[in-house]
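Encoded as structure tokens, the structure appears first; notes follow it.
Numbering (full-length UniProt numbering), first residue to last: 1 to 524.
Okay, here's the thing in structure tokens:
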């Protein structure tokens, strides 16, 4: 089904705020690759220093207030429209901008996506974490959501989310809303002072927007605010998978995720990366021209890492359920076992030495014992022991090296194939097992913007811009489970650029307007 036109129109109108949040040089490098220094200096307001005092002061901004100037220039708004913001350079602390639009009766919160190394660290903290009741307050404590949805959320705890994004959303919530001043107080923070009863923006709509990492943080922030502001809606452009399936479905009423083409970020999760890695190993192992030794070496390494991560996760899960007397009893058993092991260490070592001596003597005979058995045991015991241990160790090393360097030697000694074993440890997107990490999904109502038809065949004289103008896009309602695996394509990174999605939305609305004009009846 095609996406609702009203959502597309509002998403297109608010997309510029998500783009403008990239106040660093990244946005100008992508849009103006040849003259980006001049474009960035102009957008930062360095060429107009006399306007510095009229710009709002943002937390973490430079001395000439360049980030405030860059944001305002991109959205073409006066300085008084930007009420608050922060340009953060700390991991799990999102940069954001709060804008008041009186003509639209809306308060817009724009959250920046990945632009700094600290943002990359937040992206990389992709291990799942448990969502608390406060993280889901917008769903659990809301009177505007259907009771069945609330019941489904409350009855299926625990719920999971992207740990880095969840931490950033919690920190941002404290920044803009904070703790209540008292048990019965309704005044929380900046948003309450703007949107509270009798305040400047009472009754205004609340829109939270963000691209990539910013879009995912916006969705988690909306989950905490929706019960306080029922006219809130979140538009996430190219977000990361950040919620489990139950919560992702439950927030569809007030969260809209817009995916453009084959962009990689909307399919980026621990499970998708592991499945992509397994697909690459499988493809290489089936190629007769590939280096089999290197493939088996990689499979062994990935298999060891997977086993370590699974054992670590199991240990962490079990430790959450053991406390107090149970934990003390477990520690006591471990100490007792260690003591028993230490007491038996001497006798075990003696038995091992005796078995080793018997095996070496039986395997090598007089070659390993040139002095004779009686001389070896009585007169030349030390020399024979050194000789035997050295030859046995060399023999074992030769066997190990043969198995390590020759992949076909594994089949001769063992029935276990490291590639098959590694594939078995990879989470299955179709039939997940209990040991697999929780799968994370795109939040809310998902809209997929795709290219409707390929560009026509043209000659070499046709410019690139003319080809771009000829492209036609359509927006469809998508199933979030269709974005569980990474699609490797030439456009997977280019499609993630924020302005490409904006241009596609504009073309969709332009085509829809032209279609409406054609179908309107002519009035004589």
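Heads up, the beta-carbon is just placed ideally off N, CA and C, and yes, glycines get one too. Source: prediction; values computed, not measured.
Outcome for residue i when other beta-carbon atoms lying within 10 angstroms are tallied against a minimum of 16
| i | result |
| --- | --- |
| residue 143 | exposed |
| residue 202 | exposed |
| residue 18 | buried |
| residue 50 | exposed |
| residue 147 | exposed |
| residue 164 | buried |
| residue 113 | buried |
| residue 8 | buried |
| residue 495 | buried |
| residue 89 | exposed |
| residue 82 | buried |
| residue 138 | buried |
| residue 37 | exposed |
| residue 320 | Its pLDDT being 46, under 50, residue 320 is placed unreliably in this model, and the value from its coordinates should be taken loosely. With fewer than 16 Cβ atoms within 10 Å of its Cβ, residue 320 is classed as exposed. |
| residue 20 | buried |
| residue 274 | buried |
| residue 238 | buried |
Range of the contiguous alpha helix (DSSP H) that encloses residue i
| i | result |
| --- | --- |
| residue 163 | 163–176 |
| residue 67 | 66–75 |
| residue 42 | 36–43 |
| residue 275 | 270–285 |
| residue 152 | 147–154 |
| residue 122 | 117–124 |
| residue 250 | 245–250 |
| residue 31 | 25–31 |
| residue 193 | 190–195 |
| residue 113 | Taken as a continuous stretch (DSSP letters only), residue 113 belongs to no alpha helix (DSSP H), as it is neither H nor E. |
| residue 222 | 213–225 |
| residue 497 | Looking at the DSSP string, residue 497 is not in any alpha helix (DSSP H), and its letter there is neither H nor E. |
| residue 138 | 137–140 |
Sheet register partners of residue i (DSSP bridge)
| i | result |
| --- | --- |
| residue 129 | 161 |
| residue 207 | 108 and 233 |
| residue 448 | 259 and 476 |
| residue 2 | 476 |
| residue 441 | 243 |
| residue 59 | 86 |
Alpha carbon of residue i to alpha carbon of residue j, nearest angstrom
| i | j | result |
| --- | --- | --- |
| residue 67 | residue 232 | 26 Å |
| residue 145 | residue 191 | 22 Å |
| residue 246 | residue 125 | 22 Å |
| residue 507 | residue 158 | 42 Å |
| residue 266 | residue 96 | 21 Å |
| residue 85 | residue 175 | 10 Å |
| residue 55 | residue 236 | 28 Å |
| residue 162 | residue 240 | 9 Å |
| residue 284 | residue 278 | 10 Å |
| residue 39 | residue 108 | 25 Å |
| residue 491 | residue 263 | 7 Å |
| residue 438 | residue 483 | 15 Å |
| residue 123 | residue 213 | 7 Å |
| residue 172 | residue 178 | 9 Å |
| residue 71 | residue 31 | 15 Å |
| residue 198 | residue 503 | 39 Å |
| residue 234 | residue 194 | 18 Å |
| residue 487 | residue 479 | 16 Å |
| residue 69 | residue 116 | 19 Å |
| residue 23 | residue 153 | 37 Å |
| residue 156 | residue 244 | 11 Å |
| residue 121 | residue 92 | 8 Å |
| residue 151 | residue 445 | 19 Å |
| residue 189 | residue 281 | 52 Å |
| residue 25 | residue 103 | 30 Å |
| residue 45 | residue 242 | 36 Å |
| residue 118 | residue 6 | 36 Å |
CB of residue i within 7 Å of CB of residue j, strictly
| i | j | result |
| --- | --- | --- |
| residue 514 | residue 3 | no |
| residue 106 | residue 207 | yes |
| residue 443 | residue 269 | no |
| residue 219 | residue 168 | no |
| residue 272 | residue 485 | yes |
| residue 43 | residue 73 | yes |
| residue 248 | residue 441 | yes |
| residue 100 | residue 260 | no |
| residue 14 | residue 209 | yes |
| residue 87 | residue 131 | no |
| residue 221 | residue 136 | no |
| residue 473 | residue 451 | yes |
| residue 447 | residue 1 | no |
| residue 16 | residue 75 | yes |
| residue 497 | residue 12 | no |
Extent of the continuous beta strand (DSSP E) run through residue i
| i | result |
| --- | --- |
| residue 86 | 82–86 |
| residue 98 | 96–101 |
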